[in-house]
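Written below as structure tokens is the structure these notes are about.
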Amino acid sequence: MRSDRSDFRRRKLLENATGLLLSGAVFVALFSLWEAASTYEWVDPMFSSSPTKVVLAAWELISDGTLLKHTIASGKVFLSGFAMAVAFGVPIGVALGWFKWFNKALSPLISAFYTMPRIALMPVFIIWFGLGQGSKIALVLLSAVFPLIVNMQVAMQNIDQDYKRVGIAYGASEWQLFKTIALPSSVPFLLTGLRLAMGRGLLGVVAAEVFGGAEGLGYLIQYAGATFQIDIVFVGVVVIAAFGVIIDRSLSYVSHKLDYWKIA
Amino acid sequence: MNEAFAARDFGTSLREIAVPPQASPVAADYDEALARAASSDAEPILDVRDLVVTYQNQKTGELTEAISGVSLQIEPGEFVTVVGLSGCGKSSFLSAVAGLLKASSGTISVAGREVNKPGPDRSVVFQKATLLPWRTVMDNITYGLDLRGTPKKEARRKAEKYIDLVQLRGFEHFHPNALSGGMQQRVNLARALVTDPHLLLLDEPFAALDAITRESMQNELLSIWDKTRKSVLMVTHQIDEAVLLSDRVIVFSTRPARIVAEIKIKLPRPRAPEVKFEEGFDRHVKEIFAHIHQSAPKKKEWSYEI
Chain A
47 MRSDRSDFRR RKLLENATGL LLSGAVFVAL FSLWEAASTY EWVDPMFSSS PTKVVLAAWE
107 LISDGTLLKH TIASGKVFLS GFAMAVAFGV PIGVALGWFK WFNKALSPLI SAFYTMPRIA
167 LMPVFIIWFG LGQGSKIALV LLSAVFPLIV NMQVAMQNID QDYKRVGIAY GASEWQLFKT
227 IALPSSVPFL LTGLRLAMGR GLLGVVAAEV FGGAEGLGYL IQYAGATFQI DIVFVGVVVI
287 AAFGVIIDRS LSYVSHKLDY WKIA
Chain B
188 MNEAFAARDF GTSLREIAVP PQASPVAADY DEALARAASS DAEPILDVRD LVVTYQNQKT
248 GELTEAISGV SLQIEPGEFV TVVGLSGCGK SSFLSAVAGL LKASSGTISV AGREVNKPGP
308 DRSVVFQKAT LLPWRTVMDN ITYGLDLRGT PKKEARRKAE KYIDLVQLRG FEHFHPNALS
368 GGMQQRVNLA RALVTDPHLL LLDEPFAALD AITRESMQNE LLSIWDKTRK SVLMVTHQID
428 EAVLLSDRVI VFSTRPARIV AEIKIKLPRP RAPEVKFEEG FDRHVKEIFA HIHQSAPKKK
488 EWSYEI
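Going down the list, the sequences are from chains A and B. 245 is the number that our numbering gives to position 199 of the first sequence; each next residue is one higher, with no gaps. 402 is the number that our numbering gives to position 215 of the second sequence; each next residue is one higher, with no gaps.
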């Protein structure tokens, strides 16, 4: 029994290690190819950069504090916009899903906003909120809020009717039904909404900073691109990707903690 | 995890034998129920008069009569079962008594008070256990008490004795999806009992279980009822289940439901599962079956329906 189990564990471990090795090998191969293409000038190094150049550029940007400055600027915009999106989006979505008439009244408006490319509103935001953080936060908010609204709305509309019937049979009031049935069963939807909103929000930060302003990773990328500093563009891209991975991983960790009842 | 698996496989049948009926954790309830039964002879726990229930199809707006003039009384401490073909309206009847379905006409009174919505005087055990998956076994059992604002401590104290009664000791902190179907149904039963209702409503409580689990659950319900002596209205399509558990069996006609027969089950109490082998048991089963058979639509009408 015990040896069966440790056997199983060893096999599982081997499987994981192999997977890690394979994906690592793909990265190494890709970077080698890139490096070679640049070194042997298969492509113009001026436009293509190379992994070593990117690392060197990163080192320079880190040591002179530029990267940190821009990262903090972007992080501030992202966090403020995202927090506001959660603060507005979750209650609005819940209300839309819970109150039938509210939904009927507002749902066409929501769909109109949902499908529109948010960046189209950036010029308006700049006029309203200025070139500083305000317009950027507004764009992040607008980008991130809809996945949250829609997911919470769907969560409320997909409450298992059997659970609701149990609540009603035990004399639950409307508020108690909401608190003891609707809210707990919406947690998985909330987490999906947060992850989607996170992606949209990051997109919003970069788009807003590319559009205008004088700081942030989007600005860094835009400026470096305009001045043919491809190495710096890649540094910016990598930092943004890392941003995304870190937030996504932590959300997925939280979701495992909160969804414990779904997995046996 | 291994422990849970063991319980899943063997718990039901072994635990059955392990607990002697006299070691009742709810003896006080038993006396109380007997006293209640003796003192309030005058007033039935459930009094349904000329109940009519009509459904409206949500798409077409078409009206269908599900129950057509049913009157039924249940005395304190009595176990009454309604049987009938599927779709005959017996579940609608139970839903109406539970207050989940509006009566079109007629009255339903529980312990002398007319009811038209769910209330603490009734508890329903649904066919599907429908435990809230984000609550532990303990928190599922106390759900009804929580809704009533019973303090957490008191709710837990009350739940404790029902955890023993339905033999879930050791599983209080499990989540429902880690339990077998039979165990989930026990939680469902405990959740209904812990609120101490005047009337317990069982809606085909064991229909979703496999045959072996169902039988052991029936036996368990028999001993639980002996310990608590609740007034029960059960709905089932299992005739032997009805005879085993009930004091009285009501046979419903096909839709719209009317009472076609009422059979007093003259088997001694307290009953052991072995009562099934007695000759009287089979006679009751046959009698009820005959009534149901008569209520079934004749061949001629079937072809007409098609």
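Cβ atoms here follow ideal geometry from the backbone N, Cα and C, with glycine treated the same way.
At a cut-off of 7 Å between C-beta atoms, LEU355 (chain B) does not count as an interface residue with respect to chain A. Residue environment for SER410 (chain B): buried (at least 16 other C-beta atoms within 10 angstroms of its C-beta).
Within the segment 287-318 of chain B, those residues whose Cβ lies closer than 9 Å to any Cβ of chain A are, in chain order, LEU287, LYS304, PRO305, GLY306, PRO307, ARG309, SER310, VAL311, PHE313, LYS315, THR317, LEU318. By the Cβ criterion, the segment 175-191 of chain A is in contact with the segment 150-165 of chain A, since at least three pairs of Cβ atoms, one from each stretch, lie closer than 8 Å. Counted as a single uninterrupted DSSP element, the alpha helix (DSSP H) harbouring GLY121 (chain A) occupies residues 112-144. Residues of the segment 170-202 of chain A with a C-beta atom less than 7 Å from some C-beta of chain B do not occur. Inter-residue distance for GLU341 (chain B) and VAL472 (chain B) is about 43 Å (C-alpha atoms, whole angstroms). Around the beta carbon of MET92 (chain A), a 10 Å sphere encloses fewer than 16 other beta carbons of the protein chains shown; the residue is thus reported as exposed. Between the segment 346-361 of chain B and the segment 294-306 of chain B there are fewer than three inter-stretch CB-CB distances shorter than 8 Å, so the stretches are not counted as touching.
Per DSSP, the unbroken beta strand (DSSP E) holding LYS451 (chain B) starts and ends at 446-451. With 16 or more neighbouring CB atoms inside 10 Å of its own CB, ILE172 (chain A) falls in the buried class.
Under the DSSP assignment, TYR242 (chain B) falls in the beta strand (DSSP E) whose first and last residues are 233-243. Residue contact check for GLY239 (chain A) against chain B: no CB pair falls below 7 Å. Of all C-beta pairs linking the segment 264-279 of chain B to the segment 433-443 of chain B, three or more are shorter than 8 Å, placing the two stretches in contact. Annotated as distal: ALA346 (chain B) and VAL302 (chain B), with beta-carbon spacing of 7 Å or more.
Across the set A:ALA190, A:LEU59, A:LEU114, A:ASP206, the C-alpha of A:ALA190 shows the shortest separation from the C-alpha of VAL251 (chain A).
Shortest Cα-Cα distance from GLU402 (chain B) to any of B:GLY369, B:ASP308, B:GLY467, B:LEU259 involves B:GLY369.
Sequence-distant partners of PRO392 (chain B) (beyond 5 residues in either direction) whose C-beta falls short of 6 Å from its own C-beta, in its chain, are VAL312. When the alpha-carbon of ALA215 (chain A) is set against those of B:LYS451, B:ALA285, B:GLN314, the nearest one is in B:ALA285. Using a CB distance cut-off of 7 Å, ALA395 (chain B) does not count as an interface residue toward chain A. DSSP places LEU387 (chain B) in no alpha helix (DSSP H) but in the uninterrupted beta strand (DSSP E) bounded by 386-390. Listed by position along chain A, the residues whose Cβ is nearer than 7 Å to that of TYR330 (chain B) are TYR216.
DSSP, reduced to helix, strand and coil, places ILE227 (chain A) within a helical segment of the structure shown.
Around TRP412 (chain B), the same chain offers PHE266, VAL419, LEU432 as residues with beta carbons nearer than 8 Å, after the five sequence neighbours per side are excluded. Within the segment 404-430 of chain B, contact with chain A at the beta-carbon level (separation under 7 Å) is assigned to no residue. Contact between VAL438 (chain B) and ILE475 (chain B) holds: their C-beta atoms lie close to 6 Å from each other, under 8 Å.
Between the alpha carbons of SER109 (chain A) and LYS115 (chain A) lies a gap of roughly 11 Å. According to the DSSP assignment, PHE439 (chain B) belongs to the beta strand (DSSP E) that extends over 435-439. Contact check for VAL422 (chain B) and SER278 (chain B): beta-carbon distance about 6 Å, within the 8 Å limit, so the pair qualifies. Contact with chain A is absent for ALA342 (chain B), since none of that chain's Cβ atoms lies less than 7 Å from the residue's Cβ.
As the crow flies, the alpha-carbon of ALA254 (chain A) is around 26 Å from that of LEU236 (chain A).
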